[in-house]
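One structure below.
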Amino acid sequence: MMVEEIRSILRLFMEWGIRLKNNDMKKIVKSTFWSFIVQCMISLTIMGIIMIILAESRAIFDFQWLYNIFPHLYDLLDNIYELVFERAYFIFIIFGTTLIIVLSLLYKLLNKIFSYVFAVSESADKLFDKNVEYINLPPEMVEVEKKLNHFKTEAIKNERLARENEQKKDELIVYLAHDIKTPLTSMIGYLSLLSEIKDMPQEQRNRYIDIALDKSYRLEYLINELFDVARFNSEKIVLEKEVINLNLMLEQIADDFYPTLKEMNKKINFTSDEKTILYADPDKLSRVFNNLIKNAVNYSKENTDIDISILNKENQATVKITNKGKQIPKEKLDKIFEKFYRLDSSRTSKTGGSGLGLAIAKEIVELHGGRIYAESDMKETTFSVILPIIEQA
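Residues 338 to 730 (the numbering used here) make up the sequence shown, in order.
Written out as structure tokens, the structure is:
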């Protein structure tokens with residue numbers, strides 16, 4: 338996005354720069370300027386001749402008859418003559434000199450402006466040139482130079498991240514395609530046995546059905562992951578806000594994990610001092626907290642509790658989801674919110690997903706005007722979601 342904005346801002350400079358490089362614009366400016374100078378000099382010469390003629394007219398023509406008929410008009414013309422015509426040479430020199438000075442300064446100013454335009458247009462080309470590490474501009478354009486180099490650094494960084502994300506996405510699609518094949522092959526195998534062996538013992542038949550069903554759930558999960566990967570870059574998240582009870586939402590999501598928690602001998606402890614009402618998108622926020630609680634359940638140790646709390650302070654609701662499990666390295670606490678980043682790179686891990694869950698969660702939270710972050714130590718890991726408490730508009 339930023340790169341497109343930079344291109345848009347500098348497009349005008351680049352167009353002027355192309356003309357300047359071909360010297361066409363310089364020639365046009367110079368020829369037009371000097372043509373204007375010549376015209377001014379011709380006009381000044383004509384004005385000077387007229388002033389000289391008028392100044393000498395009194396010596397050539399006798400206006401005494403005008404005084405006899407219109408004495409007041411004669412006095413007025415005589416005063417104008419003394420103020421203007423007797424000073425004709427002086428006025429002509431002052432006016433002409435001033436005009437030449439102004440035009441000379443204007444010419445220098447135009448040259449300076451065009452040199453700046455030329456410098457910026459050249460830097461616009463270098464902005465996207467990978468072989469140029471730093472853009473240099475004239476000393477008086479140091480602020481523009483800093484901004485252009487900042488844009489260049491950001492553009493290179495964004496391009497690198499885009500390449501890395503694209504590579505991660507391609508690798509993930511390959512892995513998911515491979516993972517989809519495994520449960521699909523198992524399902525076909527077990528269902529084929531059930532179809533072929535008519536007199537299979539009921540106990541064995543039920544076990545094969547359970548295995549096939551388990552594999553089908555795994556297949557559904559992987560297909561959804563694949564759809565998430567394809568959908569993430571093509572769809573823009575749009576919020577549909579309404580008044581929601583955050584306490585009730587979290588309690589309902591926690592209840593959905595009861596069967597899984599019972600099997601693992603785990604439980605969720607939910608605490609809140611008061612009811613929290615938000616103006617937000619319930620479906621999008623449910624996705625965020627469902628993902629965070631699911632991660633807390635999957636990555637927590639056996640026979641441990643998951644703690645969920647809500648704290649309201651200064652028009653903000655802070656939701657903390659804490660589990661006791663393996664520590665997340667400090668250098669990876671920010672990376673886990675990047676697209677396609679997987680903390681567990683092993684594809685054999687049952688907890689491993691597409692690496693989009695936390696990236697999507699972060700985007701949804703930020704669209705609500707909030708923020709999400711993680712903390713981890715040797716004992717526990719906590720994900721915090723801060724959301725503004727906003728009244729319905």
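Glycine residues also receive a C-beta, built at the ideal position from the N, C-alpha and C atoms.
The structure presented is a predicted model; accordingly, all values stated were derived computationally and were not measured.
Within this structure, are the beta carbons of residue i and residue j separated by less than 8 Å?
i: F617; j: K578; result: What sits at residue 617 in the sequence shown is Ala, not Phe. Closer than 8 Å, so yes.
i: Y527; j: Y554; result: no
i: Q664; j: S721; result: no
i: I574; j: N627; result: no
i: N660; j: S637; result: yes
i: L576; j: L704; result: yes
i: T613; j: I658; result: no
i: I581; j: I517; result: no
i: L629; j: L583; result: no
i: E482; j: N473; result: yes
i: S609; j: I647; result: yes
i: V634; j: F594; result: yes
i: L563; j: M586; result: no
i: N495; j: Y471; result: no
i: I709; j: K716; result: no
Rounded to whole angstroms, how far is the Cβ of residue i from the Cβ of residue j, which I believe are closer than 8 Å?
i: I645; j: I605; result: 6 Å
i: K695; j: I673; result: A quick correction: the sequence has Leu, not Lys, at residue 695. Their Cβ separation, rounded to whole angstroms, is 5 Å, which keeps L695 and I673 in contact under 8 Å.
i: K484; j: S523; result: Going by Cβ atoms, the distance from K484 to S523 rounds to 58 Å, so no, they are not a contact pair.
i: I697; j: G707; result: The Cβ separation is near 14 Å, so there is no contact.
Which same chain residues, not among the five before or five after residue i, have their C-beta less than 6 Å away from its C-beta?
i: N640; result: N602
i: S529; result: none
i: I346; result: Bear in mind that a pLDDT of 48 at I346, under 50, signals an unreliable position, so the model cannot answer this.
i: A711; result: L670, F720
i: V479; result: none
i: P520; result: K552, R555, L556
i: T434; result: none
i: D620; result: none
If I measure Cβ to Cβ from residue i and keep anything under 8 Å in the same chain, skipping five residues before and after, which residues do I get?
i: L531; result: M537, R542, Y545, I546, A549
Closer than 7 Å by C-beta to residue i: which residues in its own chain qualify, once you throw out the five before and the five after it? Chain order, please.
i: E611; result: N649
i: V439; result: none
Curious, which full-length beta strand (DSSP E) runs of at least 3 residues does the stretch 608-643 contain?
614-617
Would you list, in sequence order, the uninterrupted alpha helix (DSSP H) runs of no fewer than 4 residues that lie entirely inside the stretch 478-551?
479-533
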